[in-house]
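Okay, so here's the structure we're looking at.
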Amino acid sequence: MSTVSPPENLEKDPRVKAVFDDIRATRKVDTLNNLWLYLAATPDLLEEVWQGVKVVMATESALDAKTKEMIYIAVSIANSCSYCIHSHTAAARAKGMSAEEHADLLRVVSLAGRTNHLLNGLQVPVDAAFDQDAS
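Position 42 of the sequence shown, counted from 1, bears residue number 436 in the numbering used here, the numbering being contiguous throughout.
Below you can see the structure in the form of structure tokens.
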């Protein structure tokens, strides 16, 4: 169950409508994900989050779109965000992620989680060769 409810008339607020129109145009979609509908309850937060998503996820950069989605899946798994795991898995598949790539991604996430827990528990010091200041 959600901790907030989306406003009744979502696009009555011109700020919300402007963000929704930008999301639709940028993503070339007619419908909006629940994230945006619920964030519309707080227009400042809606604008802020959309700008971050637009800059990082919808703007060309050194990482291709599929890789960005796969990284988002990994971080979402680490943060236990079911919503993001589902939405970014769907997005990665739409951008060409194969079943084999998804399986490899899950293997890497699983291994990283295990070794992260071990290293956190053991408090192993970082090798000098890995410290950027060591060179």
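Built from N, CA and C at the ideal position, the CB exists for glycine as well.
Measuring alpha carbon to alpha carbon, tell me which residue in V423, N403, V518 and I417 is nearest V447. The count along the sequence shown starts at 1 and reaches residue 447 at position 53. Of the listed residues, the one whose Cα sits closest to V447 is I417.
How far does the alpha helix (DSSP H) with G515 in it reach, from first residue to last? As a first step, residue 515 must be located in the sequence shown, where it is residue number 121. Where G515 is concerned, the enclosing alpha helix (DSSP H) stretches over A493 to L516.
Measuring only the C-alpha atoms, how far is L512 from I471? Walking along the sequence shown from the start, residue 512 turns up at place 118. Walking along the sequence shown from the start, residue 471 turns up at place 77. C-alpha separation (whole angstroms): 18 Å.
Endpoints, the alpha helix (DSSP H) within which G446 is located: Counted from its first residue, the sequence shown places residue 446 at position 52. Per DSSP, G446 belongs to the alpha helix (DSSP H) from P437 to M451.
May I ask which residues mark the beginning and end of the alpha helix (DSSP H) holding D416? Here residue 416 refers to the residue found at position 22 of the sequence shown. Element bounds for D416: P408 to R421.
Limits of the unbroken alpha helix (DSSP H) element including L404: Translated into the one-based positions of the sequence shown, residue 404 becomes position 10. Unbroken run through L404: none, as it is neither H nor E.
Suppose you measure from the CA of S399 to the CA of A497; what does that come to, to the nearest Å? For this step, residue 399 is matched to residue 5 along the sequence shown. For this step, residue 497 is matched to residue 103 along the sequence shown. Going from the Cα of S399 to the Cα of A497 covers about 36 Å.
Within 10 Å of its beta-carbon, does H480 have 16 or more other beta-carbons around it, so buried, or fewer, so exposed? In the sequence shown, residue 480 corresponds to position 86, counting from 1. Result: exposed.
According to DSSP, is D521 helix, strand or coil? In the sequence shown, residue 521 corresponds to position 127, counting from 1. Of the three classes helix, strand and coil, the one that applies to D521 here is coil, per DSSP.
For T461, three-class secondary structure by DSSP: Here the question's residue 461 lines up with position 67 in the sequence shown. Residue state, collapsed to three classes: helix.
Measuring only the C-alpha atoms, how far is E441 from L500? What you label residue 441 is simply residue 47 of the sequence shown in a count that begins at 1. What you label residue 500 is simply residue 106 of the sequence shown in a count that begins at 1. Spanning the two alpha carbons is a distance of roughly 32 Å.
State the start and end residues of the unbroken alpha helix (DSSP H) segment that holds C478. As a first step, residue 478 is located in the sequence shown; it is residue number 84 there, counting from the start. First-last of the alpha helix (DSSP H) with C478: S476 to A488.
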